[in-house]
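Here the structure is laid out as structure tokens; the discussion comes afterwards.
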Amino acid sequence: MGISNFSIVMGFCGLAFSYMAATALWGLPAVIGEGIGIVAAVIYAVLCIGYGRKILVQPEAVRQEWESPEGAPFFATFGMASVLLAAVLEPWAFLLSAIVWVIGVVALFACIFLLWRRWLKEKQDAAHLTPAWLLILISPLTVPVAGNSLKLFGYQELTLFSLSIGLGLGLPGVMFLLKEAVFDKHFGPGLLIVLTPFGMAYLDYTATFGADIFSALLLHCGFFIALPLLLTVLRDMVKGTFSLIWWSTGFPLMAFTNAMLHYAKTSPSAIMNVLSAEFLAGGTVLIAYLSVKTLMGLRKSR
């Protein structure tokens, strides 16, 4: 079990949020989003138990994972999964949601700080660069999702702090990663991560300041990148062999889909309704496909 498996929870949380937004936009049954949220919570609990056992039984394996240049950034997925799940839990269990959110925030920023310290202290080999490195710049954008609704002490400043990191460092990081993808490297399906800051920044910004021209520009820029990117990722998936790392594509697509649905509600038009429906359908198919392949892999391993 790798720490990157927490990206499964992120994918299901993103799918749950998207169906919740679709409920508000089109009147879909609320039970769909709620049911998906329950699935995310169950997977989170199973992974916490499983990885907790790994820490106790195989501490050397965990240490090697943390010291791996390719694997270390995925430790951010635990914190990201936690703060996203907190938003799912908040309507039903405020106290539990607050606890999970605080744990996620502490774990997330601890991971970010430690990795930044390592990267600045030790010279890094560019050959080890993967899309997962972007997590350290964009992961704070997940903090305000539950933070703005929980409204715990200091949440306003933490929201601004997280949004500033995502906008100030995450978007330039996207440009750097795209440059590497165009001229030097083939990243595979994981490159879809570059959609995340556009979707999450739109959601955080509008939840904090309201919808305006700047937020619309964020979404439209993401849409421009999304079209060729999705075709490239689809081609890589068709030609490639399934890996659990492919779950890193789930949340980026669902985060952008959620942003599209929110935009369709604040700026209603026929074209936005159609595009939002297409993204929701595509995201649902992707999460379903990844789930089936994962279950098949688990069954085969047994």
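Residues in the sequence shown are numbered from 892 upward in steps of one, following my numbering.
Beta carbons: idealized from backbone N, C-alpha and C, even for Gly.
Treat the numbers as computed from the prediction; the structure is a model and nothing was measured.
With fewer than 16 other Cβ atoms inside 10 Å of its own Cβ, PRO1159 counts as exposed. Selection ALA1161, GLY918, ASN1149 and SER1192 evaluated against ALA1172 yields ASN1149 as nearest (Cα-Cα). Here the stretch 1075-1086 lies against the stretch 1110-1120, with 3 or more beta-carbon pairs under 8 Å apart. Linking ALA1072 to VAL1124 through their CA atoms gives a straight-line distance of about 12 Å. If you draw a straight line from the Cα of LYS1042 to the Cα of MET971, it comes to about 18 Å. In this structure, the alpha-carbon of GLY1064 lies about 15 Å from that of TRP1010.
Between THR968 and VAL1165, the alpha-carbon positions lie close to 31 Å from each other. Inside the stretch 939-1019, DSSP marks whole alpha helix (DSSP H) runs of 4 or more residues at positions 950-958, 967-980 and 985-1012, from first to last along the chain.
The three-state reading of DSSP puts MET892 in coil, since its state is none of H, G, I, E or B. Using a 10 angstroms sphere on the CB of PHE1078, the tally of other CB atoms reaches 16 or more, which defines it as buried. Taking 9 Å as the cut-off, the Cβ atoms of SER1055 and VAL1034 do not count as close.
DSSP, reduced to helix, strand and coil, places THR1099 within a helical segment of the structure shown. Secondary structure of HIS1077 (DSSP, three-state): coil.
If the five residues before and after ALA932 are omitted, its C-beta is found closer than 8 Å to the C-beta atoms of LEU976, VAL979 and LEU980, all from its own chain and listed in chain order.
Per DSSP, reduced to three states, the secondary structure at LYS1070 is helical. If you ignore the 5 residues before and after SER1040, its C-beta comes within less than 7 Å of the C-beta of ALA978 and GLU981, all in its own chain and listed in chain order. At the C-beta level, LEU938 and MET901 stay beyond 9 Å of one another. When DSSP states are grouped into helix, strand and coil, SER1158 belongs to the coil group.
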